[in-house]
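Just so you know, we're using this note's numbering here: the sequence shown kicks off at 298 and counts up by one.
The C-beta atom is built at its ideal place from N, Cα and C for all residues, glycine as well.
What follows is a short report on a single structure.
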Amino acid sequence: MVLLHVMLAGLPERRSCFCVAHLNHGIREASLSEYAGVRQHCDREGVCFYGETIDVPGLLKTAYPGRSLEDAARIERRNFLTRAASSWGSKVIVTAHHRDDLLETFLMRLLRGSGLSGYDCLKAVDPPFHRPLLTFWKADLLRYARAHRLLYYEDHTNLDNRFLRNRIRNELVPFLSSRFGPRIPDVLIRDQELLSSASQLIDELLEPYIHSAVYTKDRVTFSWEDLKEYSDAFLSELFVRACKRWRGHPYGIEAGKLTRAIERSRLAGHFVLPFRQDLWFFREYDLCGFTSQKPERVCALERAGSGSDEGVWENPDRPFEFRTQDGRKVTFTAERGIRPVRIDSLKTDRWTALFDEDKVQFPLTLRAPISGDRFRPLGMREEKRLARFCSDQKIPIRDRQELLLLINRKSDIIWCIGIRIADTVKITLDTRHILRVRCQLEPEKGIEGRERSIPQFFD
Numbered sequence: 298m299v300l301l302h303v304m305l306a307g308l309p310e311r312r313s314c315f316c317v318a319h320l321n322h323g324i325r326e327a328s329l330s331e332y333a334g335v336r337q338h339c340d341r342e343g344v345c346f347y348g349e350t351i352d353v354p355g356l357l358k359t360a361y362p363g364r365s366l367e368d369a370a371r372i373e374r375r376n377f378l379t380r381a382a383s384s385w386g387s388k389v390i391v392t393a394h395h396r397d398d399l400l401e402t403f404l405m406r407l408l409r410g411s412g413l414s415g416y417d418c419l420k421a422v423d424p425p426f427h428r429p430l431l432t433f434w435k436a437d438l439l440r441y442a443r444a445h446r447l448l449y450y451e452d453h454t455n456l457d458n459r460f461l462r463n464r465i466r467n468e469l470v471p472f473l474s475s476r477f478g479p480r481i482p483d484v485l486i487r488d489q490e491l492l493s494s495a496s497q498l499i500d501e502l503l504e505p506y507i508h509s510a511v512y513t514k515d516r517v518t519f520s521w522e523d524l525k526e527y528s529d530a531f532l533s534e535l536f537v538r539a540c541k542r543w544r545g546h547p548y549g550i551e552a553g554k555l556t557r558a559i560e561r562s563r564l565a566g567h568f569v570l571p572f573r574q575d576l577w578f579f580r581e582y583d584l585c586g587f588t589s590q591k592p593e594r595v596c597a598l599e600r601a602g603s604g605s606d607e608g609v610w611e612n613p614d615r616p617f618e619f620r621t622q623d624g625r626k627v628t629f630t631a632e633r634g635i636r637p638v639r640i641d642s643l644k645t646d647r648w649t650a651l652f653d654e655d656k657v658q659f660p661l662t663l664r665a666p667i668s669g670d671r672f673r674p675l676g677m678r679e680e681k682r683l684a685r686f687c688s689d690q691k692i693p694i695r696d697r698q699e700l701l702l703l704i705n706r707k708s709d710i711i712w713c714i715g716i717r718i719a720d721t722v723k724i725t726l727d728t729r730h731i732l733r734v735r736c737q738l739e740p741e742k743g744i745e746g747r748e749r750s751i752p753q754f755f756d
């Protein structure tokens, strides 16, 4: 109410230009009456009201497993404000955060070891968010509310010391003030401002490195070879900032775990270190970074309507369609009887394979890799375990679990799709007819970000 009163007083002729957004989190019974009170006040003042009610405790079990109620409420509140601004057509979101909120957030991150970037929090201007009351303590706002006879709702859950923020507010800050003087909150805020300035300077210095990362929906990836010569402190700040850009927030990046991740990266070629239920740090040969997908995820295949983990392509004259459990549609087509010509005149790419037709025996089977798979890769004289071949090719473990294999009638692997065919089915000078097989993945996935040169199918 204080923020609304200040804005109405400062912009008396512009009240039609802003909208009050209020979210009922569904946590407290009193929140219903508060919701109604805010709406009625807006009606009296002639101000637009945008409100929603969300069952945050219910979402905690389904949408936020392993997260705290505080985290879930914060995420839902931020999403709500974004929706409200979009609905109103506004590019600015003004919140009522005050100096106590800043102090509590700073101390929370200090206790959790968030690192330097974590102390750059609750900025007065952080588009689209603006926090005009950040220079005032809560006591100042209470005095303002009493002086102007404004409603001021006190959240009784603020007294629940099961939550870290409440323990900081109700126990730690009063203790520090009583033992070290009433000015200690101002001293801590000054420290936060200095650390925030240092963090912003580092942001500018690290920007080229942050920009060089590869960002996808479920991961942010760096080249370890490009980073390994830098100090642990440099890497720590870089990873936190890149993760923040990828996820939109730095939550879950504990400084201690990040230090261990960097130390292990210098010692191990590949490993996975969990940070929380939806965040893992990984090192895979020359790559490293964060992922939100559990690395052990395996792309099992599922024949539409059959529940099988493999599919059989019986007739090369007809397209063969298959669907993976994650919804990928895989289509194979074959062109038979191609006369041997100059091999470079035949159109090919990583999803097209050229075989000696007489050496490929239908029906063919499509399946995911299984333990113990072996094949003789093109250009090699002996068989090799598929796992060893992938290791030699430096294919990340996560991507190996996305591989698809084409198997001939004798149960031999003839194509590690998108990577290499088997030497046993290659085109030679004795080849009479060429079989061209095309694989299409919709949407096209496979080996993420790894564009390999097309192997030579003729020697």
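With a threshold of 6 Å on Cβ separation, who are the neighbours of leucine 700 within its own chain once the five nearest residues in sequence on each side are excluded?
Closer than 6 Å at the Cβ level, and outside the excluded window around leucine 700, lie Pro666.
Please name the residue, chosen from Leu461, Gly553, Lys388 and Ala327, that lies closest to aspartate 452 on a Cα-to-Cα basis.
Ala327
Please state if the CB of alanine 421 and the CB of leucine 431 are separated by a distance shorter than 7 Å.
yes
Provide the residue(s) that pair with tyrosine 506 in DSSP beta bridges, ordered along the chain.
The partner list for tyrosine 506 (beta bridge, DSSP) is empty, contrary to what the question assumes.
Who pairs with leucine 651 in a beta bridge, going by DSSP?
Arg733
With DSSP as the reference, label lysine 626 as helix, strand or coil.
When DSSP states are grouped into helix, strand and coil, lysine 626 belongs to the strand group.
Taking just the CA atoms, how far does valine 389 sit from proline 424?
7 Å
Look at the alpha carbon of leucine 503 and the alpha carbon of arginine 336, and state the distance between them as a whole number of angstroms.
Cα to Cα, the separation comes out at about 45 Å.
Give the straight-line distance between the Cα atoms of isoleucine 731 and tyrosine 361, rounded to the nearest whole angstrom.
53 Å
Figure out for me which residue from Ser708, Thr725 and Gln737 has the closest Cα to the Cα of isoleucine 714.
Considering only Ser708, Thr725 and Gln737, the residue with the shortest C-alpha distance to isoleucine 714 is Gln737.
In whole angstroms, what separates the C-alpha of alanine 510 from that of glycine 553?
Rounded to whole angstroms, alanine 510 to glycine 553 spans 23 Å at the Cα level.
Report the partner residues of glutamate 618 according to the DSSP bridge assignment.
Thr628
Measure the alpha-carbon distance for phenylalanine 519 versus tyrosine 506 and round it to whole angstroms.
9 Å
Would you tell me roughly how many angstroms separate the C-alpha atoms of lysine 358 and alanine 558, rounded to the nearest one?
Distance between the alpha carbons of lysine 358 and alanine 558 is about 29 Å.
Quick check on the burial criterion: 16 or more other C-beta atoms within 10 angstroms. Buried or exposed for asparagine 455?
exposed
Given that a residue counts as buried once 16 or more other Cβ atoms are within 10 Å of its Cβ, and exposed if not, what is aspartate 397?
buried
Alpha carbon to alpha carbon, how far is proline 291 from aspartate 720?
Any answer about residue 291 is impossible in this case: the structure gives the chain only from 298 up to 756.
The beta strand (DSSP E) with serine 361 in it runs from where to where?
Sequence inspection shows tyrosine at residue 361; the serine mentioned does not correspond to that position. Neither: tyrosine 361 is in no beta strand (DSSP E) and is coded neither H nor E.
Name the DSSP beta bridge partners of glycine 348, please?
DSSP, once it has assigned bridges, lists His319 as partnering glycine 348.
Decide if the segment 467–486 is in contact with the segment 394–411; the criterion is three or more beta carbon pairs, one per stretch, under 8 Å apart.
Counting Cβ pairs under 8 Å, three or more are found: they touch.
Whole angstroms is fine: what's the gap from tryptophan 577's alpha carbon to leucine 570's?
6 Å
Using only the alpha-carbon positions, how far apart do alanine 436 and arginine 446 sit?
15 Å
Measuring CB to CB, does isoleucine 486 end up less than 7 Å from leucine 400?
At a Cβ-Cβ threshold of 7 Å, isoleucine 486 and leucine 400 count as neighbours.
Just reading off the beta strand (DSSP E) that glutamate 581 is part of, what are its end residues?
576–581
Please classify glutamine 489 as buried or exposed, where buried requires at least 16 neighbouring CB atoms within 10 angstroms.
Taking every protein chain shown into account, the CB of glutamine 489 has 16 or more other CB atoms within 10 angstroms, so this residue is buried.
To which residues of the same chain is glutamate 373 closer than 8 Å at the C-beta, ignoring the five residues directly before and after it?
Leu320, His322, Ile351, Val353 and Leu356
Quick one, are the C-beta atoms of valine 787 and valine 657 less than 7 Å apart?
As displayed, the chain neither begins before 298 nor continues past 756, which places residue 787 out of reach and without an answer.
What did DSSP end up calling threonine 728 once you bin it into helix, strand or coil?
coil
Measure the alpha-carbon distance for valine 595 versus proline 693 and round it to whole angstroms.
Per-residue confidence for valine 595 stands at a pLDDT of 35, beneath the threshold of 50, marking its modelled position as unreliable; the derived number appears in the next sentence. Roughly 13 Å between the two C-alpha positions.
Check whether the Cβ atoms of leucine 550 and alanine 650 sit closer than 7 Å, and answer yes or no.
A small correction: the amino acid at residue 550 is isoleucine; leucine does not occupy that position in the sequence shown. Contact flag unset, no.
Nearest-angstrom Cα distance between phenylalanine 346 and threonine 556?
47 Å
Per DSSP, what kind of secondary structure is leucine 308 in: helix, strand or coil?
coil
Measure the alpha-carbon distance for tyrosine 416 versus serine 383 and round it to whole angstroms.
29 Å
Beta-carbon separation of alanine 582 and tryptophan 543 under 7 Å?
The sequence given here has tyrosine at residue 582, not alanine. For tyrosine 582 and tryptophan 543, no; Cβs fall outside 7 Å.
Along the chain, where does the alpha helix (DSSP H) that runs through valine 537 open and close?
529–544
Which same chain residues end up closer than 7 Å to leucine 661 when comparing Cβ atoms and leaving out the 5 residues on each side of it in sequence?
Trp610, Leu703, Ile704 and Asn705
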